[in-house]
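Colleague: Here it is: the structure, laid out below.
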Amino acid sequence: MQDRYRVSERRSCAVLRFDRKTHRYRSIRGDQAPLRSRIKEIAETRVRYGYRRIHVLLRREGWAVNVKRVRPLYRMEGLNLRAKRPRRHVMAARRVERPLASRPNEIWAMEFVSDALFNGRRFRALTVVDAYTRECLAIEVDQGIKGEQVIDVMDRLLFERGRPPDKIRVDNGPEFISRALDHWAYINRVTLDFSRPGKPTDNALVESFNGRLRDECLNTHWFLSLDCPSSEHLAQLAA
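And the structure:
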């Protein structure tokens with residue numbers, strides 16, 4: 187109206203019954219592009235995290251943002267629709283090549299391998315490998331292993347090794363994205379390096395170890411119960 191009828195702002199707002207304060211309002215939040223970019227980066231690596239979990243990670247990184255601010259940015263990026271996409275359409279950002287471990291106890295890698303007893307009862311084994319020495323640090327066997335049990339294994343290794351690793355490479359399984367493991371990693375200053383969706387080569391070391399464990403141990407032995415062999419026995423068979 188100001189441009190077309192050459193009238194003042196006051197008169198235009200009066201005719202339209204539009205508050206002048208609303209017309210003059212300008213957001214004071216500034217450029218939100220860096221925050222939006224960081225939210226997208228986190229969502230691409232932690233594919234099962236919602237905006238609330240992402241908000242926790244942002245606060246840990248030093249972003250002074252409210253969860254109410256994260257939610258609209260999360261939705262604007264279309265991240266709330268990820269669960270509805272077919273897996274073949276899930277995209278991950280290209281990342282720089284992962285650095286190799288330069289010393290023992292710097293980077294660990296862990297993954298699950300499954301098998302069955304003689305009666306068909308399924309069990310799982312959590313394997314933990316040092317990326318530098320290629321040493322198998324632990325093989326935890328149970329019918330079902332939850333996030334709390336993963337933490338118990340990590341605490342035991344922390345006690346045995348004297349210090350936690352700088353980084354642990356994991357996939358996006360429910361045990362590894364659990365709040366319990368996330369809290370443990372935060373308390374112990376350990377970085378959880380998640381594989382990209384559909385990229386098992388991001389954690390190739392432990393994948394290779396699990397392949398040898400299956401070929402040389404699980405496929406060549408018939409287990410009657412979970413009490414035999416022990417985790418130490420499994421590690422000896424896989425050595």
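Per my numbering, residue 187 is the first one in the sequence shown, and the count goes up by one each step.
For glycine and all other residues, C-beta sits at the position ideal for the given N, C-alpha and C.
1. Is the distance from the Cβ of N396 to the Cβ of E321 below 8 Å?
2. For P386, I'd like the list of residues in its chain whose CB is within less than 8 Å of its CB, leaving aside the five on either flank, ordered along the chain.
3. Return the bridge partner residues of W294 from the DSSP annotation.
4. Round the Cβ separation of D379 and R355 to the nearest angstrom and send it over; I've been treating them as touching at under 8 Å.
5. Would you mind working out which of T377, E402 and R382 sits nearest E292, comparing C-alpha positions?
6. Taking Cβ positions, are T313 and L399 nearer each other than 8 Å?
7. Can you list, in chain order, the residues of its chain whose CB lies under 8 Å from that of V315, leaving out five sequence neighbours each side?
8. Just how far apart, CA to CA, sit R224 and V242?
9. Could you check how far apart the C-beta atoms of G333 and L286 are, in whole angstroms? I think they sit under 8 Å.
10. Would V233 and L244 qualify as a contact pair, given that the criterion is a beta-carbon distance under 8 Å?
11. Using DSSP with H/G/I as helix, E/B as strand and the rest coil, what is D368?
12. Here's a check: name, in chain order, each residue in its chain whose Cβ is nearer than 6 Å to the Cβ of V256, leaving out the five neighbours to either side.
13. Around the Cβ of M262, are there at least 16 other Cβ atoms within 10 angstroms (buried) or fewer (exposed)?
14. Helix, strand or coil: how does DSSP classify S381 here?
15. Mapping the DSSP letters down to three states, classify F362 as helix, strand or coil.
16. Which residue marks the beginning of the alpha helix (DSSP H) containing V253, and which one marks its end?
17. Which word fits V336, buried or exposed, when buried means at least 16 other C-beta atoms lie within 10 angstroms of its C-beta?
18. What's the C-alpha gap between A311 and R212?
19. Using only CA atoms, which one of S381, F309, R347 and G384 lies nearest to L404?
20. Along the chain, where does the alpha helix (DSSP H) that runs through I228 open and close?
21. In terms of alpha-carbon separation, which member of L265, I363 and Y372 lies closest to R222?
22. Rounded to whole angstroms, what's the CA-CA distance from Y191 to P220? Just pull it up for me.
23. Quick one: grab the DSSP three-state call for L391.
24. Mapping DSSP to helix, strand and coil, what is A278?
25. Out of D388, R375, H209 and E402, which one is the CA nearest neighbour of R246?
Modeller: Checking against the coordinates, here is how it stands:
1. As a first step, residue 396 must be located in the sequence shown, where it is residue number 210. As a first step, residue 321 must be located in the sequence shown, where it is residue number 135. Result no, Cβ atoms of N396 and E321 do not sit closer than 8 Å.
2. The count along the sequence shown starts at 1 and reaches residue 386 at position 200. Answer for P386: D357 and E393, listed in chain order.
3. Locating residue 294 in the sequence shown gives position 108, where the first residue counts as 1. Beta-bridge annotation (DSSP): W294 is paired with D316 and I354.
4. The sequence position of residue 379 within the sequence shown is 193, counting from 1. The sequence position of residue 355 within the sequence shown is 169, counting from 1. About 5 Å separates the two Cβ atoms, so the contact holds.
5. For the purposes of this step, residue 292 is identified with residue 106 of the sequence shown, where counting begins at 1. It is T377.
6. Counted from its first residue, the sequence shown places residue 313 at position 127. Counted from its first residue, the sequence shown places residue 399 at position 213. Contact flag set, yes.
7. Locating residue 315 in the sequence shown gives position 129, counting from the first residue. If we look at V315 and ignore the five residues flanking it on each side, its Cβ neighbours are W294, A295, M296, E321, C322, L323, L391, V392 and F395.
8. Position 38 of the sequence shown, counted from the first residue, corresponds to residue 224. Position 56 of the sequence shown, counted from the first residue, corresponds to residue 242. Distance between the alpha carbons of R224 and V242 is about 13 Å.
9. Reading the sequence shown from its first residue, position 147 is the one you call residue 333. Reading the sequence shown from its first residue, position 100 is the one you call residue 286. Actually they do not touch by this definition, with Cβ atoms about 28 Å apart.
10. Against the sequence shown, residue 233 aligns to sequence position 47. Against the sequence shown, residue 244 aligns to sequence position 58. Not a contact, by the Cβ cut-off of 8 Å.
11. In the sequence shown, the residue the question calls residue 368 occupies position 182. Looking at D368 - three-state DSSP - the assignment turns out to be helix.
12. For the purposes of this step, residue 256 is taken as the residue at position 70 of the sequence shown. Excluding its 5 nearest sequence neighbours in each direction, V256 has C-beta neighbours in its own chain below 6 Å: Y237 and H241, listed in chain order.
13. In the sequence shown, the residue the question calls residue 262 occupies position 76. Its Cβ having fewer than 16 others within 10 Å, M262 is exposed.
14. Looking up residue 381 in the sequence shown gives position 195. Here S381 sits in coil by DSSP.
15. For the purposes of this step, residue 362 is taken as residue 176 along the sequence shown, with counting starting at 1. Of the three classes helix, strand and coil, the one that applies to F362 here is coil, per DSSP.
16. The residue given as residue 253 occupies position 67 in the sequence shown. V253 -> alpha helix (DSSP H) spans V253 to M262.
17. On the sequence shown, residue 336 is found 150 positions in, with the first residue counted as 1. The residue is buried, with at least 16 neighbouring Cβ atoms inside 10 Å.
18. By one-based count along the sequence shown, residue 311 stands at place 125. By one-based count along the sequence shown, residue 212 stands at place 26. Whole-angstrom Cα-Cα distance: 57 Å.
19. Walking along the sequence shown from the start, residue 404 turns up at place 218. Answer by Cα proximity: F309.
20. Numbered from 1 along the sequence shown, position 42 holds the residue referred to as residue 228. Looking at the DSSP string, the run of the alpha helix (DSSP H) that includes I228 is A219 to T231.
21. For the purposes of this step, residue 222 is taken as the residue at position 36 of the sequence shown. Of the listed residues, the one whose Cα sits closest to R222 is L265.
22. Residue numbering aside, residue 191 sits at position 5 when the sequence shown is read from its first letter. Residue numbering aside, residue 220 sits at position 34 when the sequence shown is read from its first letter. The straight-line gap from Cα to Cα measures roughly 41 Å.
23. The residue labelled residue 391 in the question sits at position 205 within the sequence shown. L391 carries a helical assignment under DSSP once its states are collapsed to helix, strand and coil.
24. Residue mapping note: residue 278 aligns to position 92 of the sequence shown, counting from 1. Here A278 scores only 37 on pLDDT, less than 50, and its place in the model is too uncertain to base an answer on.
25. Position 60 of the sequence shown, counting from 1, holds the residue named residue 246. When each option's Cα is compared against that of R246, the closest is R375.
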